[in-house]
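Heads up: the structure comes next, in structure tokens.
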Amino acid sequence: MNCRALVIGAGISGMQAALDIADSGYEVILVEKQPSIGGHMAQLSETFPTLDCSQCILTPRTVEVGQHPNIRLLTLSEVVAVEGEVGHFRVRILRHPRYVIEEKCTACDDCAKVCPVVVPNEFDRGLAARRAIYIPHPQAVPAVYTLDPDACLGLFPLACGKCAEACEAGAIDYDMGPEVVEVEVGAVVVATGYELYQDEAVMAYAYMDHPDVMDGLEFERLLSASGPTGGKIVRPSDRTVPKEVVFIQCVGSRNPEHGVPYCSKICCMYTAKHAILYKHHVPDGQVYVFYIDIRAGGKGYEEFVTRAMEEDHTVYIRGRVSKVFSHDGKIMVWGVDTLTGSKVEIAADMVVMASAIIPSEGSRHVAEMLGISVDEFGFYTASDEEMTPIESGVPGVFLSGVCLGPQDIPETVAQASGAAAKVLALFEAAKVEVE
Amino acid sequence: MGIPYYPGCTLSTKAKNYDRSGRAVAAALGLELEELPEWQCCGATFPLVLDDSMALIAPTRVLYQAQQAGERVATLCAICFNVLRRSQALLKRDPEMLERINWFTEQEYRGEVHVVHFLEILRDDLGWEALAERVVRPLRPPPAPPMRGGARLPLLEGGDGGGLRVAPYYGCLLLRPYEEIGLDDPEDPVIMHDLVRALGAEPVDFPYNIECCGSYLTVREPQVSEALSKDIVVSARECGAQVIITACPLCQFNLDYPQRETEAGRTGNEIPILYFTQLMAVALGLPEETWGLEDHYVDPRPLFNETMKR
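Just so you know, the sequences run in chain order P and C.
Reminder that position 409 of the first sequence reads as 409 in my numbering, one-by-one numbering, no gaps.
Reminder that position 148 of the second sequence reads as 148 in my numbering, one-by-one numbering, no gaps.
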């Protein structure tokens with residue numbers, strides 16, 4: 001038994017699993033394909049139902065992961081091949097070039113200041129811009145800049161080179177190439193997370209046509225104090241404060257016609273959170289929430305939604321939205337109120353869609369490499385949904401987080417600790433045998 | 001051998017220009033529409049009560065008449081199309097109902113006739129590229145006409161793509177219910193957009209393009225249908241349309257009639273409502289007598305005279 005673990009994905013789930021294993025004295029290799037760790041939780045403004053600042057409760061964990069002596073963190077990296085079995089998985093990891101030497105970079109920002117290329121910042125869901133050489137956000141771990149080879153002018157041919165000139169630490173290396181790391185591990189935790197649905201159901205709500213129609217994660221960035229507007233809620237189109245905001249729940253989800261019949265589970269809660277936070281930012285604003293029914297199962301959850309409705313005076317309309325289109329500077333929202341049986345037309349300033357949660361891109365490929373079974377939507381399936389909910393059918397491979405299905409942060413963290421415990425049990429059993 | 005064709009009552013009376021232009025266009029494209037030797041009214045509404053076999057008698061008779069002529073029957077009227085296609089779907093999945101109606105009509109309808117709309121024939125039999133090759137007068141926009149008081153309606157200035165800006169209005173019956181009709185995406189249809197492009201014109205998207213025009217309410221509660229149709233027309237115009245096309249004689253009437261010349265006079269904001277076949281007849285260079293542009297409340301002729309001069 002090789003008592004070293006591989007964790008795939010460094011969102012809150014993978015981070016928690018890695019920390020639990022590493023704190024028990026075992027070595028962990030944590031692989032993340034993005035340039036920094038923290039996953040979607042790093043993008044959130046506040047968490048429900050406590051309204052804690054997401055960055056504030058996450059950052060101590062990301063820093064701990066970054067500094068932990070037992071965790072080897074490989075960002076901008078992907079697992080490309082896995083062979084072997086429990087106790088002896090031979091793993092090939094592709095490290096994409098960062099073009100910045102991690103050990104030398106001091107995150108001084110001198111390079112980004114001189115970079116002439118401006119592209120949308122993925123971390124801010126396109127609501128803000130970044131340079132070709134950038135750090136996704138100020139709290140990023142590792143605190144190292146990354147050069148985006150698709151946007152950079154200087155990589156080939158040498159047309160620019162401004163950032164290398166500006167870098168006093170000499171950290172920029174245009175000749176850096178991809179690197180393959182081969183390691184052997186005894187157990188694997190898979191925590192590949194999720195994305196938001198971006199298909200016809202959101203297009204029908206004018207998502208691509210109107211900048212003020214956005215999904216939940218974009219709205220999180222608008223709300224976030226460290227976001228592109230510094231936490232001011234303004235319309236991306238004209239930077240005015242939206243006074244009428246429509247939230248649409250179940251966009252894509254619970255909709256068999258669009259291939260997502262399941263419930264995305266967290267949207268009722270985060271929409272209530274959005275409504276509350278919006279009202280705290282814009283007290284004279286009006287919120288409308290279109291819902292099918294409210295699913296607030298969880299400790300303090302029902303009370304949280306009630307608070308949104310009663311204390312913050314939001315208007316909940318039971319019914320679906322048929323159409324969204326722009327008209328005279330407003331966003332017209334057509335829907336139905338099924339409690340009164342009447343058609344509803346709202347001239348809104350902003351529309352926020354609770355888009356369905358879908359497995360992240362590449363999660364199927366990870367499943368194929370490891371032999372994990374997936375359901376028809378691409379979520380991983382446990383060997384037994386009731387009794388072994390975080391064990392894959394493959395011995396030594398454990399599952400954690402939204403890659404198993406939509407769920408909120410506390411559940412994800414609990415699963416991560418569960419998966420870590422399973423890994424530790426394997427390692428401890430092997431130790432006993434040796435002794 | 002032409003395609004068996006069911007004109008229906010409206011196309012034989014109020015909407016002769018739809019029938020005339022449709023047949024002319026079909027003939028010019030080698031898709032001759034051959035009227036069924038004998039036919040009757042389709043019933044004009046699909047029964048919404050599950051056990052209403054009486055209302056299925058008329059459409060089943062039509063389907064039987066079509067069966068005598070061939071395997072499929074083409075329609076132009078969106079209402080006839082909807083009634084016949086849905087009746088056919090119902091009879092196919094409910095053999096008991098088929099048997100009961102056959103027993104009553106004393107005709108042996110076998111339940112196999114394909115009801116198709118002429119738009120489908122254009123798309124599936126001919127194809128948009130082949131249609132585009134037959135266009136002799138691509139529809140280009142006229143110069144912006146002066147408005148009252150010397151102002152120019154900015155919407156009528158040349159479009160980005162240079163084509164006449166045509167708003168396809170789909171309405172309800174051509175698209176819904178999708179499970180039984182299945183002609184195009186019921187929420188985001190493209191078939192008439194594609195047609196407009198093939199004719200060298202520019203399709204105009206507008207948010208009301210699948211909203212109801214009020215349909216038969218125009219008889220009993222005209223104020224309701226006029227309110228609905230006004231929203232449709234205004235929306236199309238605001239989105240830059242110079243003309244609206246439809247595949248339904250009732251939609252055509254409901255959008256056109258409220259724009260008629262009244263005591264208050266015209267505002268200068270009227271917009272012609274055409275059948276798609278009329279637009280095709282113009283673009284395909286067919287003789288003017290096939291266009292049928294004279295029977296409209298909003299006269300489309302000035303628009304096309306200008307168009308053709310260029």
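Every residue, glycine too, gets a C-beta built ideally from N, C-alpha and C.
Keep in mind it's a predicted model, so treat the numbers as computed, not measured.
In the three-state scheme derived from DSSP, where H, G and I count as helix and E and B as strand, residue 72(P) is classed as strand. Three or more Cβ pairs closer than 8 angstroms define a contact, and the stretch 59–70 of chain C meets that threshold against the stretch 78–91 of chain C. At a C-beta separation below 9 angstroms, residue 204(P) has these neighbours in chain C: 187 and 188.
A contact is defined here as three or more CB-CB pairs under 8 angstroms, and the stretch 76–89 of chain C meets this definition with respect to the stretch 243–254 of chain C. Under the three-state reduction of DSSP, residue 154(P) is assigned to coil, being neither helix nor strand. Chain-order list of chain C residues neighbouring residue 323(P): 207, by C-beta distance under 8 angstroms. By the neighbour-count criterion, in which a residue is buried when 16 or more other Cβ atoms sit within 10 angstroms of its Cβ, residue 371(P) is exposed.
Three or more beta-carbon pairs separated by less than 8 angstroms link the stretch 84–94 of chain P to the stretch 392–402 of chain P, which places the two stretches in contact. In the three-state reduction of the DSSP assignment, residue 132(P) falls in the coil class, being assigned neither a helical nor a strand state.
The beta carbon of residue 8(P) sits closer than 8 angstroms to those of 14, 31, 79, 188, 189, 190, 191, 192 and 366, all from its chain and outside the five residues before and after it, given in chain order. In this structure, residue 336(P) lies away from residue 287(P), with their beta-carbon atoms at least 8 angstroms apart. Note: residue 246(C) is bridge-paired with 275(C) in the DSSP secondary-structure output. Annotation for residue 18(P): 7, 28, 30, 65 and 71 place their beta carbon closer than 7 angstroms to its own, counting only its chain and skipping 5 residues before and after. Apart from the 5 residues on each side of it in sequence, residue 228(P) sits with its Cβ closer than 8 angstroms to the Cβ of 121, 124, 127, 128, 221 and 222 in its chain, given in chain order. In this structure residue 32(C) is in contact with residue 2(C), their Cβ atoms being roughly 3 angstroms apart against a cut-off of 8 angstroms. When DSSP states are grouped into helix, strand and coil, residue 127(P) belongs to the coil group. In this structure, DSSP gives residue 252(C) a helical state, which the three-state scheme calls helix.
Around the beta carbon of residue 214(C), 16 or more other beta carbons lie within 10 angstroms, which makes this residue buried. Under the DSSP assignment, residue 402(P) falls outside any alpha helix (DSSP H); it carries neither an H nor an E label. Annotated as proximal: residue 377(P) and residue 262(P), with beta-carbon spacing under 8 angstroms. Nearest Cα to residue 328(P) within the set 230(P), 210(P), 304(P) and 424(P): 210(P). The stretch 288–301 of chain P makes contact with the stretch 314–324 of chain P, as at least three CB pairs between them are under 8 angstroms. In the DSSP annotation of this structure, the continuous segment of the beta strand (DSSP E) that includes residue 75(C) starts and ends at 72–75. Residue 286(P) is bridged by DSSP to 244(P). Burial state of residue 169(C) is buried, judged by a 10 Å Cβ sphere holding 16 or more other Cβ atoms. For residue 252(P), the CB contacts under 6 angstroms within the same chain, skipping 5 residues up- and downstream, are 197, 201, 258, 260, 355 and 356 in chain order. Sequence-distant Cβ neighbours of residue 128(C) in its own chain, meaning closer than 6 angstroms and more than five residues away, are 194 and 198. Taking a C-beta distance under 8 angstroms as the contact criterion, residue 81(P) and residue 37(P) do not qualify as a contact pair. Your pair residue 118(C) and residue 22(C) checks out as a contact, with CB atoms roughly 6 angstroms apart and the cut at 8 angstroms. DSSP places residue 5(P) inside the beta strand (DSSP E), whose first and last residues are 4–8. Ranked by Cα distance from residue 107(C), the options 131(C), 218(C), 8(C) and 67(C) are led by 67(C).
For residue 342(P), DSSP records a beta bridge to 337(P). In the three-state reduction of the DSSP assignment, residue 325(P) falls in the strand class, which pools E and B. Contact between the stretch 44–53 of chain P and the stretch 11–22 of chain C is absent: fewer than 3 CB-CB pairs across the two stretches fall below 8 angstroms. Taken through DSSP and simplified to helix, strand or coil, residue 6(C) comes out as strand.
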